[in-house]
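Take the position in the sequence shown, starting the count at 1, then add 19; the result is the number in the numbering used here. We treat Cβ as the ideally placed atom computed from N, Cα and C, and that holds for glycine. Only one structure is covered here, and it is reproduced in the block below.
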Amino acid sequence: MASGVYSIFKGGLLRGQYTLVTDTCKCCLLNTIHAFAAGNTIYGNISGNELAAANGYLLGGKILISCAVVDTGVSTWDAADLAWTSSTFLAAHAVIYDTSTGNTLVCSIDFGGNKEVSAGTFTLQWSATGIVTLT
Numbered sequence: 020m021a022s023g024v025y026s027i028f029k030g031g032l033l034r035g036q037y038t039l040v041t042d043t044c045k046c047c048l049l050n051t052i053h054a055f056a057a058g059n060t061i062y063g064n065i066s067g068n069e070l071a072a073a074n075g076y077l078l079g080g081k082i083l084i085s086c087a088v089v090d091t092g093v094s095t096w097d098a099a100d101l102a103w104t105s106s107t108f109l110a111a112h113a114v115i116y117d118t119s120t121g122n123t124l125v126c127s128i129d130f131g132g133n134k135e136v137s138a139g140t141f142t143l144q145w146s147a148t149g150i151v152t153l154t
């Protein structure tokens, strides 16, 4: 199981390329073939492992809404949880990418195996500590 923040995003943070509260970021779901590789840079690098557009899932994923950055000694970036309704699919990973910066990859989340939904709602609930945390 491997989750992580892409190197391109880390460097972009230091260069001030992102405004994660106002940038348009999306979250796509991927199959078990996907493997996190820190050197990948754009959505096109991982899109071949994205779920097919069917059964309640649309290519490209969902736009993150209610994005916020909180600084309390530890900086966190968070957004509203995501839900795919009337869905039937298996997903093993989620990848967030920033469409405002040329589809730059932000982070990859490994579910630790397939998560299945059958004619229901697939909900992606972010950690209580946020999507990305910097200490």
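Three-state secondary structure (DSSP) of residue i
i: residue 35; result: coil
i: residue 130; result: strand
i: residue 84; result: coil
i: residue 25; result: coil
Exposure of residue i, with buried meaning 16 or more beta-carbon neighbours within 10 Å
i: residue 117; result: buried
i: residue 98; result: buried
i: residue 123; result: buried
i: residue 65; result: buried
Given residue i as reference, the closest of the options once Cα atoms are compared
i: residue 31; options: 141, 140, 125; result: 125
i: residue 85; options: 62, 47, 137, 43; result: 43
i: residue 57; options: 66, 82, 27; result: 27
i: residue 114; options: 63, 41, 87; result: 63
i: residue 150; options: 72, 83, 35, 54; result: 83
i: residue 102; options: 144, 88, 91, 29; result: 144
i: residue 100; options: 81, 88, 93; result: 81
Distance cut-off 7 angstroms: residue i Cβ against heavy atoms of the ligand FAD
i: residue 149; result: By its list of ligands, the structure shown contains no ligand whatsoever, and the ligand FAD lies outside what it can speak to.
Same chain, Cβ closer than 7 angstroms to residue i, five either side skipped, listed in chain order
i: residue 104; result: 75, 140
i: residue 79; result: 45, 47
i: residue 37; result: 31, 117, 120
i: residue 107; result: 74, 75, 136, 137, 138
Own chain, CB closer than 8 angstroms to residue i, minus 5 neighbours either side, in chain order
i: residue 50; result: 68, 69, 70, 109, 110, 111, 112
Residues near residue i by beta carbon distance below 6 angstroms, same chain, minus five either side
i: residue 134; result: 110
Exercise for the section: Decide yes or no for the touch test of the region 121–129 against the region 20–29: beta carbon pairs closer than 8 angstroms, at least 3 of them. Expected result: Yes: the two stretches touch, three or more of their Cβ pairs being nearer than 8 angstroms.
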